[in-house]
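Novice: For reference, the structure I am asking about is given below.
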Amino acid sequence: MITPGLLMDILDGLQEKLSLCGQFVDAGRCNWDCCKYTDSYILFLPGELQSAHALGYDISQYNILDPNYYGGVKAVPKSMGCCVDPALGNKAYKSLDCRIFPFWFQIEDEQLVLMEGLSCPIVRQGMPIEELRLEALRVAGLLSGDPEIAAFLRAGRMVNYRMVAQQPEGYLHQDVQIVSIP
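Take the sequence shown: its letter number 148 is residue 148 in full-length UniProt numbering, and every next letter is one higher.
As structure tokens, then:
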């Protein structure tokens with residue numbers, strides 16, 4: 001389960017990717033496609049919402065669809081738009097799901113598998129985003145050893161994602177690979 005301390009460590013290490021996304025929006029190549037929730041949702045890992053709240057973040061901008069989705073939470077923003085719209089203020093919590101988008105991870109056959117979101121034009125156009133991929137793997141490595149999070153990653157699924165087609169050499173880093181999980 002994500003604790004406030006672990007969440008703070010993860011958030012401190014994440015880079016904000018809005019500049020890359022903003023460039024696509026400015027160029028007319030994206031219309032914040034990831035922030036449209038007509039057939040998708042946000043997944044919060046076990047303990048994530050509670051830890052965000054404990055750290056002083058506002059989580060009131062979410063409609064909870066399933067409060068116990070395999071131990072985590074399935075939600076959408078109440079506005080059905082961006083969960084961190086500037087109008088919400090700087091304490092609005094942005095999920096780890098959204099922070100590491102267009103990547104996510106799940107466990108299949110006891111292996112950590114990197115997934116990519118097809119609503120992202122960067123993914124659809126096959127642009128290299130190695131730095132974001134490595135960041136998602138780092139977060140996965142920090143989280144996947146926890147039994148509750150591992151159970152969530154085995155069962156929970158994203159909509160409109162696919163497995164990263166070609167796994168670069170060293171894709172499953174020694175510290176990320178899952179060999180056996182109780």
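A virtual CB, placed ideally from N, CA and C, is assigned to each residue, including glycine.
#1: Return no unless some Cβ of chain D is closer than 8 angstroms to the Cβ of residue 134.
#2: Taking only the alpha-carbon atoms, compute the straight-line gap between residue 160 and residue 147 and give it to the nearest angstrom.
#3: Hey, would you say residue 88 sits closer than 8 angstroms to residue 61, going by beta carbons?
#4: Three-state secondary structure (DSSP) at residue 9?
#5: Which residue marks the beginning of the beta strand (DSSP E) containing residue 66, and which one marks its end?
#6: Can the beta-carbon of residue 105 be found closer than 8 angstroms to that of residue 118?
#7: By how many angstroms is the C-alpha of residue 93 removed from the C-alpha of residue 59?
#8: Do you know how far the Cα of residue 44 is from the Cα of residue 6?
#9: Would a C-beta distance cut-off of 8 angstroms place residue 2 and residue 47 closer than the cut-off?
#10: Are there 16 or more other CB atoms within 10 angstroms of the CB of residue 127, so buried, or fewer, so exposed?
Specialist: Let me lay it out:
#1: Here there is only one protein chain, and chain D is not present.
#2: Within the sequence shown, residue 160 is the residue found at index 160, counting from 1. Within the sequence shown, residue 147 is the residue found at index 147, counting from 1. So the two alpha carbons sit approximately 26 angstroms from each other.
#3: Reading the sequence shown from its first residue, position 88 is the one you call residue 88. Reading the sequence shown from its first residue, position 61 is the one you call residue 61. Going by C-beta atoms, residue 88 is nearer than 8 angstroms to residue 61.
#4: Position 9 of the sequence shown, counting from 1, holds the residue named residue 9. In the structure shown, residue 9 sits in a helix (DSSP, three-state: H, G or I).
#5: The residue you call residue 66 lines up with position 66 of the sequence shown. Note, residue 66: beta strand (DSSP E), 62-69.
#6: As a first step, residue 105 must be located in the sequence shown, where it is residue number 105. As a first step, residue 118 must be located in the sequence shown, where it is residue number 118. No, the Cβ-Cβ distance between residue 105 and residue 118 is not below 8 angstroms.
#7: Within the sequence shown, numbered from 1, the residue matching residue 59 stands at position 59. Within the sequence shown, numbered from 1, the residue matching residue 93 stands at position 93. Cα to Cα, residue 59 sits roughly 6 angstroms from residue 93.
#8: Here residue 6 corresponds to residue number 6 of the sequence shown, with the count starting at 1. Here residue 44 corresponds to residue number 44 of the sequence shown, with the count starting at 1. Rounded to the nearest angstrom, the two C-alpha atoms are 14 angstroms apart.
#9: Sequence index remark: in the sequence shown, residue 2 carries index 2 (1-based). Sequence index remark: in the sequence shown, residue 47 carries index 47 (1-based). Yes, Cβ-Cβ distance for residue 2 and residue 47 is below 8 angstroms.
#10: Indexing the sequence shown from 1 puts residue 127 at position 127. Looking at its Cβ environment, which holds fewer than 16 other Cβ atoms inside 10 Å, residue 127 is exposed.
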